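Undergrad:
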Amino acid sequence: MKVMALTGNEAVAEAMRQINPDVVAAYPITPQTELMHKFAEFVADGLVDTEMVLVESEHSALSATVGASAAGVRAMTATSSQGLALMWEILYIAAGLRLPIVMAVVNRALSAPINIHGDHSDTMGARDSGWIQIFSENAQEAYDNTIIAVRVAEHPEVLLPVMVTMDGFIISHTMERVEVLDDEVVRNFIGEYNPRYKLLDVENPVTFGPLDLQDYYFEHKRAQAEAMENAYRFIKEVDEEFYKISGRRYQYVEPYEIDDADVVLISLGSTAGTIKDVVDNLRLKGMRVGALKIRLYRPFPRDEVIEYLSNASVIGVMDRAIAFGAPYGPVCLDVKSVLQGTKFSELPVVNYIYGLGGRDIRPGDIERIFIELDKVRISGEVPKSPRFIGVRGEEDYFEKVKRLVKN
Amino acid sequence: MSELKKWYELPVGGLIIEPGSAVKYKTGSWRTFKPVLDRSKCNDCLICWIYCPDNSILVNDGKMVGFDYDHCKGCGICAEVCPDKAKAISMVLEHQ
Chain A
281 MKVMALTGNE
291 AVAEAMRQIN
301 PDVVAAYPIT
311 PQTELMHKFA
321 EFVADGLVDT
331 EMVLVESEHS
341 ALSATVGASA
351 AGVRAMTATS
361 SQGLALMWEI
371 LYIAAGLRLP
381 IVMAVVNRAL
391 SAPINIHGDH
401 SDTMGARDSG
411 WIQIFSENAQ
421 EAYDNTIIAV
431 RVAEHPEVLL
441 PVMVTMDGFI
451 ISHTMERVEV
461 LDDEVVRNFI
471 GEYNPRYKLL
481 DVENPVTFGP
491 LDLQDYYFEH
501 KRAQAEAMEN
511 AYRFIKEVDE
521 EFYKISGRRY
531 QYVEPYEIDD
541 ADVVLISLGS
551 TAGTIKDVVD
561 NLRLKGMRVG
571 ALKIRLYRPF
581 PRDEVIEYLS
591 NASVIGVMDR
601 AIAFGAPYGP
611 VCLDVKSVLQ
621 GTKFSELPVV
631 NYIYGLGGRD
641 IRPGDIERIF
651 IELDKVRISG
661 EVPKSPRFIG
671 VRGEEDYFEK
681 VKRLVKN
Chain B
82 MSELKKWYEL
92 PVGGLIIEPG
102 SAVKYKTGSW
112 RTFKPVLDRS
122 KCNDCLICWI
132 YCPDNSILVN
142 DGKMVGFDYD
152 HCKGCGICAE
162 VCPDKAKAIS
172 MVLEHQ
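Sequence order for the protein chains is A and B.
Using my numbering, the first residue of the first sequence is number 281, and each one after it goes up by one.
Using my numbering, the first residue of the second sequence is number 82, and each one after it goes up by one.
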């Protein structure tokens, strides 16, 4: 083990160097560019055996990755935002063909208007595409999750592609202290990749992606749904094995000061770190607040969310994306749906949409959220949500509309 | 076709793991029109056999003997390419 100063992008590139994938196909897009830039250096310096395919678009990047994975080798890629959007068609193909591709996604806002900064709109849109999604709070987690993802994807009972995400710029371009495992430890952890079916195994010919009509398509989709269930079951085993080699124990969700917390705030990615700081500060002032970070977003950690929320009186859910036209943001929809039908279905849940296009979320913002949630706890009055945090005009808009209606 | 399998009995990812299995997948029910051969007009030039996209022209000992109706989708190419002098193949509505 050694300690290195790495940005999130460099940390994932370092993990990829140690994974030494057979094929990487990629196209540059901010803020992922630096990741592939770094990895391409490793290829040029002969530090990996990877066949690096420089393609003309992200549609091709994931297509080439799918082709390589179907051929029977370990294949990876990385993207952001519009790149992920352009991969759309192939996302479903990778998942449907059950190809264990690992892709780093450096979260960035979606156009229009064009914006290069971090929010979760890109991967939230892909949440039902059949990919496992693991969110990272910092560079260390991005590194660890990338290595874990290889084992998760290739688990014989899972065989699904995995997105490992980190917040654009906030994590991808911030240099942090990262504990890097020895190359050999990573190599032994991920093991040899030897898939059961390979397109290039001419002795045992197979067909990938044949026509599948009314008589069988549904059965294949049912099997794919079960693979997600298996992922939910087996990822904890891989996490446990990773703990043994790294000393870092990951769970599907990470509770923070939650045991006696009246108010719990749920979040994903880098914001979870800020929330933990605010929790510490508010606890010093005597407020019983806690936080729950969702690390594994797909499959959704339904049992863990219920378990950790069971002592709470009020819940806040932070969404760094809008699900346009839906009653709440995507994370809140999931949280509310798992609470529904349990004895916690009456728990007040307030949804906060924040940080779009890289808009800062400051400790003061989170403190105000906790104070508002505490008021909900005392008064029992749940504000109309989603609430938009940190956007100008939100304070007086409804007053203004009311006045207009009166006149 | 053999009995339909359950979802947990299938190979992963919709893969077909057995070569040459397309013969088991009977597509004849897709037809609207079916080709019919007038043996008396056929001179066994086998142009239909060359053009058939579904290997559905049955040939025995160099002679055109009929159609594989389990797999013929009724595209009509055989009737179209059958030389004008012969016109041994005609397309008729499936249920006539």
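Beta carbons: idealized from backbone N, C-alpha and C, even for Gly.
Please read these numbers as outputs of a predicted model, since none were measured by experiment.
Secondary structure at Lys-655/A, three-state DSSP: helix, strand or coil?
TA: To locate residue 655/A, count along the first sequence from 1; it is residue 375. DSSP places Lys-655/A in helix when its eight states are reduced to three.
Undergrad: Can you name the residues of chain B whose CB is closer than 8 Å to the CB of His-500/A?
TA: By one-based count along the first sequence, residue 500/A stands at place 220. What His-500/A touches in chain B: Trp-88, Leu-91, Gly-94 and Gly-95.
Undergrad: Return no unless some Cβ of chain A is closer than 8 Å to the Cβ of Ile-98/B.
TA: For this step, residue 98/B is matched to residue 17 along the second sequence. At least one chain A Cβ lies under 8 Å of Ile-98/B.
Undergrad: Would you call the segment 643-654 of chain A and the segment 618-626 of chain A touching, i.e. three or more CB-CB distances under 8 Å?
TA: No, they do not touch.
Undergrad: Distance check for Asn-561/A and Arg-600/A, CA to CA, integer angstroms please.
TA: Along the first sequence, read from residue 1 onward, the residue named residue 600/A stands at position 320. Along the first sequence, read from residue 1 onward, the residue named residue 561/A stands at position 281. For Arg-600/A and Asn-561/A, the distance between alpha carbons rounds to 23 Å.
Undergrad: What's the gap between the Cα of Arg-657/A and the Cα of Val-594/A?
TA: In the first sequence, the residue the question calls residue 657/A occupies position 377. In the first sequence, the residue the question calls residue 594/A occupies position 314. For Arg-657/A and Val-594/A, the distance between alpha carbons rounds to 6 Å.
Undergrad: State the DSSP-derived secondary structure class of Gly-527/A, mapped to helix, strand or coil.
TA: Reading the first sequence from its first residue, position 247 is the one you call residue 527/A. In this structure, Gly-527/A counts as coil in the three-state DSSP scheme.
Undergrad: Against chain B, does Val-486/A count as a neighbour if the rule is that its beta carbon must be under 8 Å from one of theirs?
TA: Here residue 486/A refers to the residue found at position 206 of the first sequence. Closer than 8 Å: yes.
Undergrad: Using a Cβ-Cβ cut-off of 8 Å, state whether Arg-513/A counts as contacting chain B.
TA: Within the first sequence, the letter at position 233 stands for residue 513/A. Output row for Arg-513/A: interface = no.
Undergrad: What residue ranges within the segment 401-485 of chain A form continuous beta strand (DSSP E) runs of no fewer than 3 residues, ordered along the chain?
TA: Here the runs fully enclosed are 412-415, 442-447 and 456-460.
Undergrad: By DSSP, does Thr-551/A sit in helix, in strand, or in coil?
TA: Position 271 of the first sequence, counting from 1, holds the residue named residue 551/A. Reduced to three states, the DSSP call for Thr-551/A is helix.
Undergrad: Mind checking who Thr-357/A pairs with in its DSSP beta bridge?
TA: Counting from one through the first sequence, the residue named residue 357/A turns up at place 77. In the DSSP output, where bridge partners are listed per residue, Thr-357/A has Met-383/A.
Undergrad: Could you pull the start and end residues of the beta strand (DSSP E) that Ala-306/A belongs to?
TA: Along the first sequence, read from residue 1 onward, the residue named residue 306/A stands at position 26. Unbroken beta strand (DSSP E) run through Ala-306/A: 303-306.
Undergrad: Excluding the five sequence neighbours on either side, which residues of its own chain have a C-beta within less than 8 Å of the C-beta of Met-82/B, listed in chain order?
TA: Taking the first residue of the second sequence as position 1, residue 82/B is located at position 1. The pLDDT assigned to Met-82/B is 49, lower than 50, so where the model puts this residue is not dependable, and the model offers no usable value.
Undergrad: Count Cβ pairs between the segment 478-495 of chain A and the segment 349-357 of chain A that sit closer than 8 Å; are there 3 or more?
TA: Yes, the segment 478-495 of chain A is in contact with the segment 349-357 of chain A.
Undergrad: Could you name the residues of chain A that Leu-85/B contacts, counting a contact when the two beta carbons are closer than 9 Å?
TA: Here residue 85/B refers to the residue found at position 4 of the second sequence. Those within 9 Å of Leu-85/B in chain A are Asp-495, Tyr-496 and Glu-499.
Undergrad: If contact means a Cβ-Cβ distance below 9 Å, which residues of the segment 334-345 of chain A contact chain B?
TA: Here the close residues number zero.
Undergrad: Mapping the DSSP letters down to three states, classify Leu-491/A as helix, strand or coil.
TA: Start at 1 with the first residue of the first sequence, and residue 491/A comes out as number 211. Leu-491/A falls in the coil class under three-state DSSP.
Undergrad: Name, in chain order, the residues that DSSP records as bridge partners for Leu-576/A.
TA: Stepping through the first sequence from its first residue, residue 576/A is reached at position 296. DSSP, once it has assigned bridges, lists Ile-414/A as partnering Leu-576/A.
Undergrad: With a threshold of 6 Å on Cβ separation, who are the neighbours of Pro-380/A within its own chain once the five nearest residues in sequence on each side are excluded?
TA: Sequence index remark: in the first sequence, residue 380/A carries index 100 (1-based). These residues qualify, in order along the chain: Ala-433, Glu-434 and Leu-439.
Undergrad: Report the rounded CA-to-CA distance for Lys-501/A versus Ala-103/B, giving the unit in angstroms.
TA: Working through the first sequence from its first residue, we reach residue 501/A at position 221. Working through the second sequence from its first residue, we reach residue 103/B at position 22. One C-alpha to the other measures close to 21 Å.
Undergrad: Over the uninterrupted alpha helix (DSSP H) stretch that includes Phe-319/A, give me the two end residues.
TA: Residue mapping note: residue 319/A aligns to position 39 of the first sequence, counting from 1. Start and end: 313-324.
Undergrad: DSSP three-state call for Pro-535/A: helix, strand or coil?
TA: By one-based count along the first sequence, residue 535/A stands at place 255. Note: Pro-535/A maps to strand in three-state DSSP.
Undergrad: Is the segment 485-497 of chain A touching the segment 93-102 of chain B in the sense that three or more CB pairs, one from each, lie closer than 8 Å?
TA: Flag = yes, the segment 93-102 of chain B and the segment 485-497 of chain A touch.
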